[in-house]
Every structure is written in structure tokens, then in C-alpha cells.
Amino acid sequence: MTRKVEVAIIGAGTAGLNAMGQVRQAGKSFVLINGGHLGTTCARVGCMPSKAFIQVADDFHRRHIFKRHCIIGGDDLGIEHENLMEHVRDLRDVFVDRVLGSSTDNLGDELIEGYARLTGPNSLVVNDEEIEADSIVIATGSRPIMPESWKTFGDKVVTTDEFFEMESLPGSMAVIGLGVIGLELGQALSRVGVDVTGIDAVEQISGLCDPVVNQQAVKIIGEEFPLWLGSPAELSADGDKIRVKAGDKEVVVDKVLVSIGRTMNVEGLGLEHLGVKLDDRGVPAYDRATMQIGDLPVYIAGDVDGDVPILHEAGDEGKIAGYNAARQAAERFVRKPLLAITFCDPNIVTVGATWNALEGRDDVAVAEMPMGPVGRALIMAKNKGVIRIYADKKTGELLGGAMIAVKGESLGHLLNWAIQKDMTVFDVLQMTFYHPVVEEALQAAFNNLVPQIEQKPEYPVGMKHE
């Protein structure tokens, strides 16, 4: 017997759950189909367990400045690796339980656990049950990339999804791939006493394209553990260890953490039955403003669409897809400016239009502020890094920026909000900046933009005329 619903949602991660919320609000019948573990990628294997691990690492790392701050006894401190990993998993389980308790625990037969396969734009099969739906939302997420040849090394080579299941930490580890989570975990591992080597095939870390910020980031992070950049990694067995080679460098380690990106979960999904062209990743073209695939009653959201694998982006896409799916509509929504944060120390942040998008344009003003002179950062012994901001040279409208800075996660939000509100550098300088705070670094960067802007106000910068 065929089951009929108004909306079928495939995937119960961040995007799928947000889509479900919109469908529920619209009063539509639905099924939520999920293959694999319940709980979002963020809560299970991403944002939250990594931050728990990083917090311990950062706390332990502070012992290095104790003498400078007249605190004695720091040299006698240690860390229990087995208990550390158990602590991280305990917190991870709390976050997962919260997600499940507020989403799928009480769904009853509206939740189907199994892998769905599309048979058309209005139909699918899961666990041999046929389902017809007026609309379908695809939100199947992603998984870590692991080269096939590296799988032969067994548990000596782990992905970021597997990392948090390790009972203890190795004495040495190579981290291959220094994007967001690779860089975060690499630094944290080094700070808790693991001998870490970081490797990436490109010269940039954390996805940075601003050359000044990237240069600073490589210098600062490279002071804590070696970074081998610009050559791909090759693995081979060396007794019970792994030999890792990149260019003319090599190291023998106990384990390898692979963080070279994620691939979309599209295999076996039956996207070919939608009758639309798929790209070389197996993903159909869609409209970012509606999340609709072509003119079909099918919508896509979250990591599976291959766009920006960030939680708030997945949430927004899920809302758009769910809203439109519930109405079989193509309502268009304005997407928010980019905000990408790497929670290394100092934080690395990219906001709004990237350097690559703006490079070479003669209508863009660029200003920077080094963190060295920032008083509050100096007091915290964290005055390393730089802030770079991009603005329209004629009007001063803020376009984007990048930084490596203490409390960059907060500074990035302030800049992002200003860009989202279409503010100019003069608008933000009319806002209050207290003293002494790290936010003064952002204020200084804004002030450094002013001389480059053509349309300046007649009144003093930072003051609003009645």
C-alpha cells in the first residue's frame, strides 16, 4: 500500500529539522526519513564535540603564561587523555540528546528510519514502503572524504567523524587537511601534548584567501606545531606506525587524522529519476533563493547541496526549502552575508565578500589593523594577528573582511551584522566602542578605511549630526 503525505523530508539533520519546523507550522502532513544515526552532524561529530575538546586544550595551554602573570605551579600540571576523550563524549551526548528531545523523539510514525530512494519528483521508496508526496525536501547531509587506498590502514587513519570515538590520544599524529576542523583539532591536539604535524596540499589554511591574513595565520599557528603546505600527503606503513610524506618532508606517526573535506550523501538517492542534469558531484542545479530544483516540487538544503557547509546556512536553507515545499511555491529569500569562523587560537574569520571575489577591483578600499598595539589583547597575552576590512571606495559601504584575532568570533559577528544592514564605515563609527575592549581593534580598522573613501561627511567622523 502506498502512503501519501503532503511533504516528504529526507534527512533529519540541521536542514531537515528546520524544514520540518516550517512544514509543521503550515499544518501539512509529512514524513521525516533518516538513514544512519539520528542527531545533527554539528552535535554528533562537528561543532559541539570539537569545541568541548578545544576548550580543554585552550585551558591547559594557558599554563604557559602563568609565570608571566606571577602564577606559580603551572609546570606541574598534566592532562589525562583517556578522561579527556570521555569528557568530550559525555558533553557530545548531552548535545545530541537535546537535539533528539526537541525534534524526533516524539514523532511516532512520522519518523521513518531508513534510506530513501527517489523514484520520481513526487515519489520515493524507503524500507520497501512506497511514499507519494506533493513535495520533497532533500537534506541528506555529507560525510568525510577518505581516499580508498588509505582505508587499508584501519583505525590508524581516522576521519573527523571517527576522531571523537577514540578511547585515548596517540603520542603523535599527522593532521592531513588544514581547513576549519582540521586546523582546530590540530592545534588542540598539540596543546594537550600530542606531537602534531599539519599537512595541506595548498598554501592556505582555514580556507583563507586574503594573503595578508593567511600569512599571519600560518606564522602564528606554525609557532605551535609544524605546518607543511603546498604538497599532497602520501601514506605508507612503517611497522605498526604510518609514514607520511609531503614534498621533501616526511614523518612517522602513530595515527593520522584525515580532514580533506566532505562529500555529499547522494549515492543511492535516485536523483537521476528527477529528470534533471546532475553535476560531476552528482548534485542537481538549484536556486539558492528558493532552494528549488528546476521547476520541480523538489527542494534541496544543507550540506548535500555542496554550497556552504556551515550550520546556520543549513538551518536557513532548511527553512526556505520547508516553507516552499509546504506551499509548492518558489518564494525567494535574501541570503545572509558569509560568516565563517575557525575556532583556533586566535580565531580565524571570513566575513561577507571574500578577497578572491574583490581582488583586482579598483573600486574597493582595503584597510587593516594589526593586533599588536591593542591594549586589551596585550593584557590577555593574545595580541597577535591582523584584521582586514574591505569597503566600497566611493561610498564606504562595508563589503567584507578577514581576520585572525582574539575574540574574532565576536568581532566577525559585528562586522557581519554591519554588512547585512548595508552600513557604511561612517555608520559603524557612529556606534559606541568602549575602552578598553578588543572591539577597539575593529574600530581602528574602520578608522583606517576613512582616508580612502571618496564621499566623506562634513561633520567629525564618529559623530551623528542632529
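Position one of the sequence shown corresponds to residue 746 (our numbering), numbered consecutively onward. Just so you know, even glycine gets a beta-carbon here, dropped at the ideal spot from N, CA and C.
If I measure Cβ to Cβ from residue i and keep anything under 8 Å in the same chain, skipping five residues before and after, which residues do I get?
i: N1131; result: Here the sequence assigns Val to residue 1131, which means Asn is not the residue at that position. These residues qualify, in order along the chain: V957, V958, Q961, E1113, M1114, P1115, M1116, M1148, I1149, A1150.
i: L1174; result: Q1188, F1191, N1192, V1195, V1206, G1207
i: G819; result: R808, H809, F811, K812
Just to confirm my understanding: we take residue i, look at its own chain, exclude 5 residues before and 5 after, and list those with CB closer than 6 Å. What are they?
i: P977; result: A946
i: L762; result: S848
i: S1004; result: T905, G922, I926, G927
i: I876; result: R748, A753, L869
i: K1064; result: N763, Q767
i: V1170; result: A1136, G1141, F1191, L1194
i: I824; result: F805, V937
What separation, rounded to the nearest whole angstrom, lies between the Cα atoms of residue i and residue j?
i: R843; j: D850; result: 10 Å
i: D985; j: K1000; result: 10 Å
i: F908; j: G931; result: 12 Å
i: D1167; j: R834; result: 42 Å
i: I965; j: M830; result: 27 Å
i: D906; j: E827; result: 18 Å
i: S887; j: L852; result: 24 Å
i: L783; j: I881; result: 20 Å
i: C787; j: V903; result: 18 Å
i: H1210; j: E1199; result: 19 Å
i: S981; j: V989; result: 7 Å
i: I890; j: V1096; result: 26 Å
i: I779; j: V1011; result: Before going further, note that residue 779 is Asn rather than Ile in the sequence given. Approximately 13 Å between the Cα atoms of the pair.
i: G1060; j: G1047; result: 7 Å
i: H1018; j: L863; result: 7 Å
i: G943; j: R936; result: 13 Å
i: W895; j: L972; result: 21 Å
i: E1154; j: I1093; result: 8 Å
i: D728; j: D1052; result: The structure shown does not extend to residue 728, since the chain is modelled only from 746 through 1211, so no value can be given for it.
i: G791; j: E1203; result: 49 Å
i: F970; j: N1128; result: 19 Å
i: L1123; j: K1152; result: 13 Å
i: P892; j: G1027; result: 18 Å
i: V1183; j: G1157; result: 12 Å
Go ahead and pull the three-state DSSP assignment for residue i.
i: N1161; result: helix
i: L972; result: strand
i: N1092; result: strand
i: I1065; result: helix
i: Q1037; result: strand
i: E912; result: coil
i: D842; result: helix
i: F1178; result: coil
i: N779; result: strand
i: I816; result: coil
i: D983; result: strand
i: K796; result: helix
i: V1195; result: helix
i: I1086; result: strand
i: R1106; result: coil
i: V1028; result: coil
i: S917; result: strand
i: K1166; result: coil
i: S894; result: helix
i: T747; result: coil
i: A878; result: strand
i: I965; result: helix
i: I950; result: coil
i: I1055; result: coil
i: D1050; result: helix
i: K1152; result: coil
i: D945; result: strand
i: D1172; result: helix
Apply the 10 Å Cβ neighbour rule to residue i and answer buried if 16 or more other Cβ atoms are within range, or exposed otherwise.
i: D839; result: Here residue 839 is Val; the residue named in the question, Asp, does not match the sequence. Exposed is the call here.
i: N1101; result: exposed
i: Y1054; result: First, the amino acid is wrong: residue 1054 is Pro here, not Tyr. Buried.
i: M746; result: exposed
i: T897; result: exposed
i: I1014; result: According to the sequence provided, residue 1014 is Leu. The question's Ile does not apply to it. Counting Cβ neighbours within 10 Å, L1014 comes out buried, since at least 16 surround it.
i: G1020; result: exposed
i: T1177; result: exposed
i: L1160; result: buried
i: V841; result: buried
i: E968; result: exposed
Could you pull out every residue in the same chain whose Cβ sits closer than 7 Å to the Cβ of residue i, ignoring the five residues on either side in sequence?
i: D1108; result: D1137, K1138, K1139
i: K773; result: E751, V752, A1071
i: Y1031; result: Q1037, I1038, I1045, D1050
i: N1069; result: T1035, M1036, Q1037, Y1044, A1075, E1076
(request) Check whether the stretch 921-936 touches the stretch 946-955, counting contact only when three or more Cβ pairs, one atom from each stretch, lie closer than 8 Å. (result) With a cut-off of 8 Å, the stretch 946-955 and the stretch 921-936 count as touching, because enough Cβ pairs lie within range.
(message) Counting beta carbon pairs with one atom in the stretch 912-921 and one in the stretch 798-815, are three or more of them shorter than 8 Å?
(response) No: fewer than three Cβ pairs fall under 8 Å.
(request) Assess, as a yes-or-no matter, whether the stretch 1035-1050 is touched by the stretch 859-871 under the definition of 3 or more beta carbon pairs within less than 8 Å. (result) By the criterion of at least three beta-carbon pairs nearer than 8 Å, the stretch 859-871 is in contact with the stretch 1035-1050.
(message) Could you check whether the stretch 1089-1101 touches the stretch 1062-1081, counting it as contact only if at least three pairs of C-beta atoms, one from each stretch, sit closer than 8 Å?
(response) With the cut-off at 8 Å, the stretch 1089-1101 and the stretch 1062-1081 do not touch.
(message) Whether or not the stretch 1179-1187 and the stretch 985-996 are in contact is what I'm after, with contact meaning three or more pairs of Cβ atoms, one per stretch, closer than 8 Å; do they touch?
(response) Short answer: they don't touch.
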